[in-house]
Amino acid sequence: MKEKVKVLLVEDHEMTRMGLQVGLEKIEELELVGEAADGVEGVEKAKKLLPNVILMDIGLPEIDGIEATRRIRELHLDSKILMFTSRESEEDVFAALGAGADGYVTKGTNVSQLASAILAVYSGASWLDPTIARMVLNRATKQTPAQKDPAQFVKNAGLTQRELEVLALISDGLSNPEISDKLVISRATAKAHVHNILQKLCVENRTQATITAVKEGLI
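The numbering of the sequence shown is this note's numbering, which starts it at 65 and goes up by one.
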């Protein structure tokens with residue numbers, strides 16, 4: 065039997081939490097292993113339960129979801145963090161991504177789409193709601209100086225031609241297994257390429273790598 069993806073839900077509104085619990089428990093591939101009602105409890109539950117994916121609201125008591133995400137990242141856990149919130153302001157979106165979130169989903173998303181987002185970030189792909197993705201790409205494009213030389217950036221970052229190919233596939237939202245199949249390389253090699261790209265670009269996750277790729281004119 066295939067192992068289920070363990071999910072920790074961090075949400076302060078009880079009714080929302082109960083609704084998500086009912087919805088997620090209907091998804092065969094997922095297992096809800098814990099819940100937290102504030103940011104501090106969320107960090108503690110993350111340390112204790114070691115979930116595969118943390119579904120994180122932003123507007124939490126004690127510490128907000130952005131600070132909770134930052135603290136979890138400092139623990140160097142393997143958990144993926146998917147922001148799940150009604151907030152769509154640029155400030156919140158970029159603060160969340162800057163803190164190390166692997167994806168951003170709005171609360172208008174249905175359970176089926178939410179499950180797809182959870183499974184996507186678990187598999188190593190990035191996930192942004194279309195509205196959020198446009199916001200991110202628009203800002204990145206605006207911040208790209210017309211005179212910027214992508215070739216010089218590639219040289220300075222030390223990216224190889226193969227890593228550029230992998231970066232383009234990351235930006236298309238492909239997971240490591242999908243990159244492996246696309247380039248006819250082993251999954252271990254695909255994972256190593258992604259790891260090297262994140263290190264060379266000085267970013268924490270695939271979403272930030274995509275933003276950097278757009279800003280530097282690499283895709």
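Where a beta carbon is used, it is the ideal one built from N, C-alpha and C, also for glycine.
Chain-order list of residues whose beta-carbon lies under 7 Å from that of residue i (same chain, five-residue window excluded)
i: Val107; result: Ala132, Arg135, Ile136
i: Ile130; result: Ile122, Ala159, Ala160, Ala163
i: Arg226; result: His257
i: Leu84; result: Leu73, Glu75
i: Leu183; result: Val69, Glu93
Spatial distance of residue i from residue j (CA atoms)
i: Leu96; j: Leu223; result: 39 Å
i: Val117; j: Leu72; result: 6 Å
i: Leu178; j: Ala221; result: 35 Å
i: Glu154; j: Thr173; result: 19 Å
i: Thr274; j: Lys70; result: 26 Å
i: Glu92; j: Ile196; result: 28 Å
i: Ser190; j: Ala232; result: 13 Å
i: Asp142; j: Leu114; result: 8 Å
i: Met120; j: Gln263; result: 25 Å
i: Ser187; j: Gln272; result: 17 Å
Per DSSP, the bridge partner or partners of residue i
i: Tyr168; result: Met147, Leu192
i: Met199; result: Answer is none; Met199 lacks a bridge partner.
i: Val69; result: Leu94
i: Ile118; result: Leu72, Ile145
Cβ of residue i within 9 Å of any chain D Cβ
i: Val169; result: This model lacks chain D altogether, as it is built from one protein chain only.
Residue i (DSSP reduced to helix, strand or coil)
i: Val230; result: helix
8 Å Cβ shell around residue i - same chain, five flanking residues per side excluded
i: Val104; result: Glu126, Ile127, Ala132
i: Asn260; result: Glu227
i: Arg251; result: Asn240, Pro241, Ser244
Close-in-space but distant-in-sequence residues of the same chain around residue i (CB under 6 Å, 5 per side omitted)
i: Asn269; result: Asp166
What are the start and end residues of each continuous alpha helix (DSSP H) run of 4 or more residues lying completely inside the stretch 74 to 100, in chain order?
78 to 88
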